[in-house]
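Right, one structure below, let's go through it.
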Amino acid sequence: MSMITAPTNIWSERGHEWKMDTARPHRLIRTTDGMTIHPDHDFLYTPEFIAFVESETEWTTGEDWIKPPSEHREGIGMGTIECPNCKGNKYRWFRQEGKNTRLVGVASVRCICWLNRNYWLNWNKAIDGRFRHVRFATLAPLEANHVRLSVGRQQKIIDWIKANPESSYLLYGTYGSGKTHISVALHDYHLRKWLPMSMYGNRVYCPVMRAGVGELLDQHHAWKMRGENHNVPRPSIDVALIRDIVAQGDRPVLILDELDKLGGKPSEFKLETLFSLVDKTYAANGIVIATSNRDVKWFIDTWGEALGGPVLRRITNEGSAKKIRFEDQPA
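So for the sequence shown, the UniProt record's numbering puts the first residue at 1; every next one is plus one.
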């Protein structure tokens with residue numbers, strides 16, 4: 001199992017950056033366009049400083065108090081929940097207002113073992129067992145007997161993806177040409193990028209969302225028609241979830257598998273729901289990655305320009321998303 005390491009110097013999120021506090025270099029402060037935002041509230045400790053304070057701290061049992069061995073005005077308190085993997089404690093970091101005074105909570109910071117465990121929980125829930133071995137860092141062409149695409153064409157696609165992992169994509173081509181393989185690698189990239197940030201603050205919702213389009217929109221239809229049936233579950237991805245992800249300070253990543261599974265004549269409700277999910281993601285400066293066994297022309301011919309056109313234009317973000325065709329180019 002590959003390990004995930006916490007970031008050290010700069011975090012970026014939705015137009016904000018975490019930069020080193022020049023007055024107190026053990027802290028990172030949140031800025032926008034170079035201007036500091038709430039310096040006494042929006043800050044994180046650097047991992048190096050956390051390790052230093054932990055080594056310098058004398059613990060007082062039973063309460064969230066510490067007795068600093070010196071005049072350090074920052075300290076940490078120990079949480080009570082054990083890491084299920086290494087049996088170490090989960091930490092909660094605090095800012096101390098003055099020597100021997102009660103501590104004020106800053107952010108929950110989980111054990112690195114918890115972080116890796118959370119990766120596998122998210123990964124195994126979202127990814128089909130056939131693709132769980134795929135990693136962005138080791139992405140390479142598949143052998144010709146495993147995929148209907150030449151090694152050379154695969155390598156060109158991989159080179160582009162690795163150079164532009166933050167882009168939105170529409171990946172289309174025949175069944176078995178490697179589209180899902182690429183989309184899973186991008187899923188791994190975005191999940192690993194986010195998980196270190198999940199250690200800081202109360203990140204409840206994973207911003208990397210994945211679903212098969214047909215199944216997801218069937219869930220939305222069932223939810224709409226539930227009436228008094230309280231046993232119908234909420235859709236796995238909806239506008240409310242995207243809104244919550246944005247509210248916790250994260251950039252949503254929406255991965256939609258097999259657009260063509262919507263069929264030849266999807267209802268107006270399903271197309272409007274799909275448009276709404278994609279639109280809400282892009283409105284939050286998010287990323288959309290969609291796969292399809294059919295090309296764009298098929299959707300227009302089948303769904304019609306009036307209904308299918310707006311949806312496809314939104315999925316491709318009015319043309320700014322990269323469309324990649326998984327077919328060998330003619331000689």
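By construction, the Cβ of each residue, glycine as well, lies at the ideal position given by its N, Cα and C atoms.
Report yes if the C-beta distance between residue i and residue j is below 8 Å; otherwise report no.
| i | j | result |
| --- | --- | --- |
| GLY212 | GLU272 | no |
| GLY178 | VAL208 | no |
| TYR205 | ILE245 | yes |
| LEU142 | PHE326 | no |
| GLY286 | LEU254 | yes |
| THR180 | THR302 | no |
| LEU139 | LYS125 | no |
Within 10 Å of its beta-carbon, does residue i have 16 or more other beta-carbons around it, so buried, or fewer, so exposed?
| i | result |
| --- | --- |
| ASN317 | buried |
| SER168 | buried |
| ASN9 | Confidence at ASN9 is low in this model, with a pLDDT of 37, below 50, so its placement is unreliable and the value that follows should be read with caution. ASN9 is exposed by the Cβ-count criterion. |
| residue 341 | What the structure shows of the chain is the stretch from 1 to 331, and residue 341 is not part of that stretch, so it cannot be assessed. |
| PHE269 | exposed |
| GLY227 | exposed |
| VAL288 | buried |
| LEU195 | buried |
| ALA284 | buried |
| PRO266 | buried |
| ARG210 | buried |
| GLY319 | exposed |
| VAL311 | buried |
| ARG314 | buried |
Which stretch, first to last residue, makes up the alpha helix (DSSP H) that contains residue i?
| i | result |
| --- | --- |
| GLY214 | 213 to 224 |
| ARG132 | Element bounds for ARG132: n/a, residue is neither H nor E. |
| VAL151 | 151 to 163 |
Please report the Cβ distance between residue i and residue j, rounded to the nearest whole angstrom; I am assuming they are in contact, meaning their Cβ atoms lie under 8 Å.
| i | j | result |
| --- | --- | --- |
| ILE242 | PRO235 | Their Cβ separation, rounded to whole angstroms, is 11 Å, which puts ILE242 and PRO235 out of contact at 8 Å. |
| ASN122 | LEU191 | 6 Å |
| LEU217 | ILE237 | About 10 Å; that fails the 8 Å criterion. |
| LYS323 | ASN164 | With a Cβ gap of about 13 Å, LYS323 and ASN164 do not count as contacting. |
| GLY214 | LEU262 | 6 Å |
| ALA222 | VAL232 | 5 Å |
Under 8 Å, Cβ to Cβ, is there at least one residue of chain C near residue i?
| i | result |
| --- | --- |
| PHE326 | Structure shown: chain C not included; a single protein chain is present. |
What are the boundary residues of the beta strand (DSSP E) that residue i is part of?
| i | result |
| --- | --- |
| ILE300 | Careful: ILE300 lies outside any beta strand (DSSP E), inside the alpha helix (DSSP H) at 296 to 303. |
| ARG234 | No beta strand (DSSP E) holds ARG234; DSSP gives it neither H nor E. |
| VAL278 | Looking at the DSSP string, VAL278 is not in any beta strand (DSSP E); the run it does join, the alpha helix (DSSP H), is 268 to 283. |
| ARG148 | Note, ARG148: premise wrong, no beta strand (DSSP E); not H, not E. |
| ALA290 | 287 to 292 |
| LEU170 | 169 to 173 |
| ARG325 | 322 to 326 |
| ASP257 | 253 to 257 |
| Just checking, does the region 177 to 185 make contact with the region 130 to 137 on the three C-beta pairs under 8 Å criterion? | yes
| request: Specify whether the region 154 to 164 and the region 277 to 297 touch according to this definition: at least 3 beta carbon pairs, one from each stretch, less than 8 Å apart. | output: no
| query | So does the region 287 to 302 actually touch the region 168 to 177, counting three or more Cβ pairs closer than 8 Å? | reply | yes
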